[in-house]
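A short write-up of the structure that comes next.
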Amino acid sequence: MQATMPDAGPSYWCVPMDTAGDLTRPDAVTQLLSIGRFQLAARSERPAGE
Numbered sequence: 001m002q003a004t005m006p007d008a009g010p011s012y013w014c015v016p017m018d019t020a021g022d023l024t025r026p027d028a029v030t031q032l033l034s035i036g037r038f039q040l041a042a043r044s045e046r047p048a049g050e
């Protein structure tokens with residue numbers, strides 16, 4: 001099954017974790033979010049047609 005719609009339902013992790021950092025380092029997630037926000041902001045500042 002591939003979820004492509006935001007209303008597909010809640011996501012979950014099928015393997016219990018002891019802590020939130022077990023999946024990945026929190027600073028890596030922070031960096032990923034920062035890059036995404038920067039790219040979205042840069043996209044919205046471009047003039048139409050570019």
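So in the numbering used here, the last spot in the sequence shown is 50, and the numbers never skip.
We treat Cβ as the ideally placed atom computed from N, Cα and C, and that holds for glycine.
| Check | Outcome |
| --- | --- |
| Put L40 into one of helix, strand or coil per three-state DSSP. | helix |
| Roughly how many angstroms lie between the CA atoms of F38 and D22, to the nearest whole one? | 27 Å |
| Measuring straight from C-alpha to C-alpha, what distance separates Q31 and P47? | 27 Å |
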